[in-house]
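Peer 1: 1 is the number of the first residue of the sequence shown in UniProt numbering; add one for each residue after it. Idealized CB from N, CA, C, for every residue including glycine. Remember, predicted model here, so these are calculated numbers, not experimental data.
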Amino acid sequence: MQPPVLKEVKDNHSREFYQAIVGNSLELIAVLNVEGVYTFVGDSVTASLGYLPEELLGVNALAFMHPDDLPGVQQALEGLLSFTPTVIPTFRFRNKQGEWRWLECSGRNMLHNEHVRGILTSSRDVTEAVKLSYNHDQHQAYYKSLFFEHPDTVFTLDLSGTFQKVNGHVEQLTGYTGPDLLNLPYATLLHPDSVEVAAASMKKVWEGRACTAEIFIITKEGAKRNVSVTMMPVHFRGEMQGAQGIAKDITEAVQAQRLIEKQADDLYKHNLDLQQFTYMISHNLRAPVANALGLAQLVNKLPKDTCNYDKAVQKLQGSIQQLDGVVKDINQILSLRDASRVSAREPVYLGQVCQQVLEQFKDELELTKVQVQVDIDPSYRLMSIRAYLYSILYNLISNSLKYKADCRQLELAVAARRDARGYVLTVRDNGSGMDMHLVQHQLFQLYKRFHPNTHGKGIGLFMVKTQVQALSGKIAVESAPDQGTTFTIYLGAKHV
């Protein structure tokens, strides 16, 4: 039994009380009959949809709904009519301005209630929430597409550098499947040469900066691949959660770039060769030819039994010999160029080659009492072209003997050592030396000589540099007047 006060309030104010609640509810309260026609509409419909309650009374609610949403709503109504637990799907409802608004609705079958006799519905406008959800889903779709459909390998790391998620392209790059890598540290894939580079890059990422680095990885099959990796820090609500990366295989691109650079270098060298031959023809070949032509004309005019005739013939022979020498030089250089393209590399013990060269100069070395020091490990075996190594050492040692200082005994040192890339060969003497400021740009040019009082043609150092380049090596010179000269030859990885 209700207390007297509560019963009095209920009897006297129930109608006004419920009207106030329904009219000011934040939700749209309505009642539908079994056909879906409005039999009651709360006053809140005006604020929600712009209609007056009387504009909806007697009208079928389904007429205001979007055609695409009708099947789901009709099925839900059928469920309510049969007292089946039913969830009404969110649907679009046309407001008075003709706009589609998303409504979230719940219903209850009260057909057997004598005061209601219909389906009680409670709806609220969730348009903004639906838009936000749609935008979120759209962003998620874009993100998933960017992550999983990206043509490169995309992955995420946690704060410890462990793989948390990878897309399907990781297998093409590394040989590992996604499940293979999950919960493994990224260092699992690193080539030893790239450990420091990767650590420096990740340090930047953990400091909140994006960065790109080129590294080497080792695939599941053991292959070495060149990869460009862009790493970005991932923050959520102000806190770093991990990192996301995009890895692109650039092995073929790097190889193509190296090929282009090599072709450009070869083109540059061929251009230098062309300049050298142009120089030979314009300076060294033209002069003896012109002399020979002039002397030949003179010989035809001179009596054969005169002294002038004999002198002219002698000079003509000298011009022809000079011409023959130039032709031989050209043939030697051309033979060297052709050989550099077809000669195969073979295992060569550098110490043995050096001893063979020194044996050629044995008499001269003993006669002039040259102090020779050889510091080459007998185990040094190079993959090289024996004839080139022999010729290089022969020309450099020949130069040391030819340009020794007059005031002191010649000291000659030949040494070799290993470095990070291959081998370093040095030939050092204490001879007359050169002023590098004056000769450095012409030192290896054809027919360039810097000691006019010493016999020579100016072709030896040209041959040395040409052969060093044919071996994919580099040559450097240090020299000073009256102090001596050191030639340093760098033979790279191809010789290992």
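When we look at the beta-carbon of Val229 and count the other beta-carbons within 10 Å, is it buried (16 or more) or exposed?
Peer 2: Flag for Val229 reads buried.
Peer 1: Where are the alpha helix (DSSP H) runs, 4 residues long or more, that stay fully inside the UniProt domain "PAS" (14–84), in chain order?
Peer 2: Listed in chain order, the complete alpha helix (DSSP H) runs (minimum 4 residues) inside the UniProt domain "PAS" (14–84) are 45–49, 53–56 and 70–81.
Peer 1: Closer than 8 Å by C-beta to Arg408: which residues in its own chain qualify, once you throw out the five before and the five after it? Chain order, please.
Peer 2: Within the same chain, Arg408 has close Cβ partners Asn430.
Peer 1: Ignore the nearest five residues each way along the sequence and tell me which others in Lys204's own chain have a CB closer than 7 Å to its CB.
Peer 2: Counting only Cβ-Cβ distances below 7 Å, and skipping sequence neighbours, we find Cys211.
Peer 1: Return yes when the Cβ of Phe83 is within less than 7 Å of the Cβ of Asn109, no when it is not.
Peer 2: Contact: yes.
Peer 1: Based on DSSP bridge pairs, tell me the residues matched to Met434.
Peer 2: Answer is none; Met434 lacks a bridge partner.
Peer 1: Determine the burial state of Val374: buried for a count of at least 16 other Cβ atoms within 10 Å of its Cβ, exposed for fewer.
Peer 2: By the neighbour-count rule (16 or more Cβ atoms within 10 Å), Val374 is not buried but exposed.
Peer 1: Alpha carbon to alpha carbon, how far is Leu302 from Gln352? Give it in angstroms, no decimals.
Peer 2: So the two alpha carbons sit approximately 58 Å from each other.
Peer 1: Is Ile260 buried or exposed, if buried means 16 or more other CB atoms sit within 10 Å of its CB?
Peer 2: Burial call: exposed.
Peer 1: Taking the alpha-carbon positions, what's the Ile88 to Gly72 distance?
Peer 2: Spanning the two alpha carbons is a distance of roughly 7 Å.
Peer 1: Excluding the 5 residues preceding and the 5 following Ser48 in the sequence, name in chain order all residues of the same chain whose CB lies nearer than 6 Å to its CB.
Peer 2: Around Ser48: Leu28 and Asp125.
Peer 1: Kindly confirm or deny that the stretch 183–195 and the stretch 232–240 touch, where touching means at least three C-beta pairs closer than 8 Å.
Peer 2: Flag = no, the stretch 183–195 and the stretch 232–240 do not touch.
Peer 1: Provide the residue(s) that pair with Pro288 in DSSP beta bridges, ordered along the chain.
Peer 2: Answer is none; Pro288 lacks a bridge partner.
Peer 1: Suppose only complete runs of 3+ residues qualify. What are the beta strand (DSSP E) ranges in the stretch 151–181, listed by chain order?
Peer 2: Whole beta strand (DSSP E) segments, 3+ residues: 153–157 and 163–166.
Peer 1: For Leu146, which residues from the same chain have a beta carbon less than 6 Å from its beta carbon, with the 5 sequence-adjacent residues on both sides left out?
Peer 2: Nothing listed; no residue qualifies.
Peer 1: State the Cα-Cα distance for the pair Leu120 and Gln138, rounded to the nearest angstrom.
Peer 2: Whole-angstrom Cα-Cα distance: 35 Å.
Peer 1: Using 8 Å as the cut-off, can you tell me whether the stretch 345–363 makes contact with the stretch 310–328, which would need three or more C-beta pairs spanning the two stretches below that distance?
Peer 2: Not touching, per the Cβ criterion.
Peer 1: State the Cα-Cα distance for the pair Asn135 and Phe155, rounded to the nearest angstrom.
Peer 2: One C-alpha to the other measures close to 24 Å.
Peer 1: If you compare alpha carbons, which of Gly118, Lys315, Ile475 and Thr162 is closest to Ala243?
Peer 2: The shortest Cα separation from Ala243 among Gly118, Lys315, Ile475 and Thr162 belongs to Thr162.
Peer 1: Is DSSP giving Tyr394 helix, strand or coil here?
Peer 2: Tyr394 falls in the helix class under three-state DSSP.
Peer 1: Indicate whether Tyr349 and Arg381 have their beta-carbon atoms separated by less than 7 Å.
Peer 2: Yes, they are a contact pair.
Peer 1: Does the beta carbon of Phe216 sit closer than 7 Å to a beta carbon anywhere in chain B?
Peer 2: In the structure shown, chain B cannot be found, because there is only a single protein chain.
Peer 1: Is the distance from the Cβ of Phe487 to the Cβ of Lys465 below 7 Å?
Peer 2: Not a contact, by the Cβ cut-off of 7 Å.
Peer 1: Take the Cβ of Pro67 as the centre, count every other Cβ of all protein chains shown within 10 Å, and call the residue buried at 16 or more, exposed below.
Peer 2: Under this definition Pro67 is an exposed residue.
Peer 1: Have a look at Lys494 and Asp419 and give me their C-alpha separation to the nearest angstrom.
Peer 2: Roughly 13 Å separates the two Cα atoms.
Peer 1: Within the same chain, show all residues whose beta-carbon is closer than 6 Å to that of Glu366, passing over the 5 residues directly before and after it, in chain order.
Peer 2: Here the set comprises nothing.
Peer 1: Extract the residue ranges of the beta strand (DSSP E) inside the stretch 191–270, only unbroken runs of 3 or more that lie entirely within it.
Peer 2: Within the stretch 191–270, the complete beta strand (DSSP E) runs of at least 3 residues are 211–218, 224–236 and 239–249.
Peer 1: Does DSSP put Gly107 in a helix, a strand or coil?
Peer 2: If DSSP states are grouped into helix, strand and coil, Gly107 belongs with the strands.
Peer 1: Identify whether Ser384 lies in helix, strand or coil by the three-state DSSP scheme.
Peer 2: It is a strand residue.
Peer 1: Sorted by chain position, which residues of the same chain lie with C-beta nearer than 7 Å to Leu80's C-beta, five sequence neighbours on each side aside?
Peer 2: Cβ neighbours of Leu80 beyond the five flanking positions: Thr86, Gly107, Asn109 and Ile119.
Peer 1: I need the boundaries of the alpha helix (DSSP H) containing Val464, first residue and last residue.
Peer 2: Counting along the chain, the alpha helix (DSSP H) containing Val464 begins and ends at Gly460 to Ala470.
Peer 1: In angstroms, rounded to a whole number, what distance separates the CA positions of Ala63 and Leu26?
Peer 2: Cα to Cα, Ala63 sits roughly 23 Å from Leu26.
Peer 1: Cβ atoms of Val299 and Ala290: under 7 Å apart, would you say?
Peer 2: Contact: no.
Peer 1: Suppose contacts are defined by Cβ-Cβ distances below 7 Å. Is Trp102 in contact with Thr90 by that definition?
Peer 2: Result yes, Cβ atoms of Trp102 and Thr90 sit closer than 7 Å.
Peer 1: What whole-angstrom Cβ distance do Gly473 and Arg421 have, given they're in contact under 8 Å?
Peer 2: 10 Å between Cβ atoms; not a contact.
Peer 1: Can you check DSSP and say which residues form a bridge with Val427?
Peer 2: In DSSP, Val427 forms a bridge with Val414 and Phe487.
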